[in-house]
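In our numbering, the protein residues as written are 4 to 286.
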């Protein structure tokens, strides 16, 4: 059975063995190397994925732009893990605000085992965070949040090769590409229009950062493939996601890979709009 069919059946280890056999038989085939990079990325084997991505770019110059984009994305994944473990602060897009500092502080508190204090910090953050309406896939909402309680009204994104936390209030519009490649189960390509009218392209992590650990603990590979979302607890007071990112509104829930457009109403230019810095370093 070939690797594509095995992936369709959710058998990633078997797919990896089949694909590695193909690569051994035709080591100079750049398409096989790109496929292998994508599969290894889905499986969270970042160093091996990066090696295959670099080899593909050496074999085929046409793969160089893709290699640059996803080389940076892979490098951001290690940083994501440290941030959600409470060991580092994320870069914040725009002027950091007190409610967002509380969300970041909550990660540190959870990482140190202070779950009650983390829950209190999140409660204050969500109370203070601005709520705004808009539309998602053309359907109206009064408010929207990431269903993962660690994030709420914040979007994770990789922009210009760097990993950011972006408050929804800084965004005017998001346009997400429909899934087309295996790597889209890891990173969703998107176009952003900021509240100040500037535009750029970037990547939204499709899956929550603890997904690999969840699978290692015995959850099936459908989470790695972003085919569903499952919820776990970090202490008794915080639910966090495994698998595909889920956006919640006052009306419904939306899996990220089903989202094509999000438009926020009333997000005009704000002081400090633009790329930010690590929240803990902001003067």
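Note that the Cβ used here is the ideal one computed from N, Cα and C, for glycine as well.
Residue i vs residue j beta-carbon contact at 8 Å
i	j	result
residue 173	residue 197	yes
residue 137	residue 256	no
residue 48	residue 35	no
residue 205	residue 162	yes
residue 250	residue 232	no
residue 45	residue 94	no
residue 19	residue 53	no
Close-in-space but distant-in-sequence residues of the same chain around residue i (CB under 6 Å, 5 per side omitted)
i	result
residue 63	33
residue 132	102 and 156
residue 91	85
Those residues which DSSP pairs with residue i across a bridge
i	result
residue 256	251
residue 149	250
residue 233	245
residue 211	According to DSSP, which records beta bridges pairwise, residue 211 is partnered with nothing at all.
residue 159	168
residue 144	137
residue 204	194
Residue i - containing beta strand (DSSP E), residue span
i	result
residue 191	190-197
residue 179	174-179
residue 267	264-267
Cut-off 8 Å between Cβ atoms - residues of its own chain near residue i, not counting five sequence neighbours on either side
i	result
residue 157	103, 106, 149, 168, 169, 170 and 171
residue 124	105, 106, 108, 109 and 112
residue 175	196, 197, 198, 200, 266, 267 and 270
The ligand NAP heavy atom lying under 7 Å from the CB of residue i
i	result
residue 42	Of ligands this structure carries none, so the ligand NAP is not represented either.
Residue range of the alpha helix (DSSP H) that includes residue i
i	result
residue 68	67-87
residue 1	Outside the shown range of the chain, which is 4 to 286, sits residue 1, and nothing can be said about it.
Same chain only: Cβ atoms within 7 Å of residue i, ignoring 5 sequence neighbours per side
i	result
residue 145	136 and 253
residue 79	161 and 166
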